[in-house]
Structures are given as structure tokens and as C-alpha cells.
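Heads up: the structure comes next, in C-alpha cells.
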Amino acid sequence: MADILYTFENKVYVNITNACPCSCNFCIRNNGNSVGEAETLWFDAHHMPSYAEIEAAIKAWDFEGYKDDVVFCGYGEPTCAYENLIKAAKLLKSMGLKTRLNTNGLSDLINKKETAKELCEVMDTISISLNAPTAEKYEALCHPAFGLKSYDAILKFAEDCKQYNVNLKFTVVDVISEEDIEDCRKIAKDMGIAYRVREYSAD
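Each residue of the sequence shown is one higher than the one before, starting from 12 at the first, in the working numbering.
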């Protein structure tokens with residue numbers, strides 16, 4: 012079975028699904044089977060981890076020395092395993108740990124309901140991958156299963172998250188053009204959301 016918990020750059024990550032509605036041109040999954048100290052992040056296609064397996068992995072992990080947020084981010088979009096995500100985040104919070112969700116922001120479309128409130132209740136930080144300044148450019152770059160409506164859904168999810176006490180940020184990967192990076196920066200500024208340009212890593 013794939014690693015559920017793994018470390019990368021001295022942070023603990025939680026890998027709970029391989030499902031994702033996007034197929035981004037720059038996706039790190041295209042480069043290999045793992046990231047950081049993980050042996051593999053690919054689960055058996057017929058078996059995504061149950062909550063019991065996620066819970067056991069968390070309880071068996073020694074978090075001593077890891078001071079940053081525990082990050083939900085693996086070889087899939089965490090909100091595709093929504094119920095397991097919520098329960099695992101609650102468990103980590105009960106252990107006195109801080110939580111972070113790295114997401115494509117499409118949770119509402121994935122789960123066919125508004126999800127910002129519930130996610131913000133169990134996350135200290137939510138980092139949303141914006142990666143394009145328009146719906147058309149987002150579709151061309153990330154190929155979302157939901158088509159052009161995906162982009163507006165991301166912006167709405169971000170706007171909804173702003174209502175709650177969560178550290179919220181937009182990110183883009185530096186594989187996009189400087190013009191698009193600056194246009195995304197303007198969107199973030201206009202929405203009053205923090206913004207970070209992430210360096211692409213092929214590792």
C-alpha cells in the first residue's frame with residue numbers, strides 16, 4: 012500500500028486519495044511515484060485508504076520535531092475523499108496539531124455542496140491553487156473535468172472561505188507566464204487574499 016503519511020522538506024504530509032478532477036500540464040504525478048521520503052504515493056487502483064487506515068497511520072506517526080502544519084496533499088485532490096479528510100483533520104486537531112489543506116478549490120463541484128464552512132472549521136490554513144487568470148487559461152492548463160465553470164467555482168470557494176477564521180492563500184506555480192503570474196496577483200489582491208508564487212519542482 013502507498014504511504015499515507017510522508018515527509019518532504021521537514022513537513023508531514025497526508026496522502027488520502029489519488030482521485031483528482033484535474034489533469035494539470037505541470038502535475039508532479041507525471042514525474043514519478045513519490046515525493047520526499049515517500050516510497051510511493053500511488054494507491055492500488057481498486058483500493059483507496061479507508062478512514063480506519065488513515066487513522067491508524069496518523070496514530071502511529073511520531074510528530075515530535077515537526078512544528079509546521081500537517082498538510083493534506085498527496086497524489087490526489089484531498090477533497091475527493093471529503094469525509095475521510097474531515098475526520099482525519101479533526102483527529103489531528105484533537106492531538107494539538109495544526110492542519111493545512113492544499114487544494115485545487117473545486118471541492119464544491121466535487122462534492123455537490125458548499126464545503127467552505129466545514130473545511131474551515133477543521134483547517135488552520137487553506138492554500139488554493141489558482142494557476143491561471145481566466146477560465147479559458149485554467150481549462151487549457153489544468154483540464155478540469157467540470158470545464159469552464161471550474162474557474163468561477165474556485166473563486167467562489169475562496170470568497171466563501173474568507174468568511175471564516177482561516178489562513179487563506181492563493182498560489183500559482185512559476186511555470187506560467189510572468190504576465191499570468193501578475194494577473195493572478197491582481198486577482199488575489201482585489202479579493203483580499205494572500206498570494207504566493209511556488210517554484211516548480213520536478214522531484
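In this text, a Cβ means the ideal position worked out from N, Cα and C, and glycines have one as well.
query                                                                                                                                              : result
Thinking just about the alpha-carbon of each residue, which of ASP201, GLU150 and ASP191 is nearest to the one in VAL208?                          : ASP191
Could you tell me whether the segment 88-107 touches the segment 38-52, where touching means 3 or more Cβ pairs closer than 8 angstroms?           : no
Out of CYS131, ASP80 and GLU125, which has the shortest C-alpha to C-alpha gap to LEU108?                                                          : ASP80
Have a look at the DSSP bridge pairing and note the partners of ARG40.                                                                             : Note: ARG40 sits in no beta bridge, so no partner.
Would you report the Cα separation of ASP185 and ASN142, rounded to the nearest angstrom?                                                          : 9 angstroms
Hey, how far is the Cα of ILE165 from the Cα of LEU130?                                                                                            : 14 angstroms
Does DSSP put SER61 in a helix, in a strand, or in coil?                                                                                           : coil
Looking at the strands, I want to know which residues DSSP matches up with LEU112.                                                                 : PHE83 and ILE137
Taking DSSP's pairing of strands, which residues face LYS22 in a bridge?                                                                           : PHE19
Whole angstroms are fine: how far does the CA of TYR162 sit from the CA of CYS33?                                                                  : 12 angstroms
What residue does the alpha helix (DSSP H) around ALA100 start on, and which one ends it?                                                          : 93-105
May I ask you to verify whether the segment 138-154 touches the segment 69-80, counting CB pairs closer than 8 angstroms and requiring at least 3? : no
Taking Cβ positions, are GLU119 and PHE168 nearer each other than 8 angstroms?                                                                     : Reading off the sequence, residue 119 comes out as Asp, not Glu. Yes, the Cβ-Cβ distance between ASP119 and PHE168 is below 8 angstroms.
I need the straight-line Cα distance from GLY158 to ILE121, nearest angstrom please.                                                               : 12 angstroms
Over the uninterrupted beta strand (DSSP E) stretch that includes LEU179, give me the two end residues.                                            : 178-184
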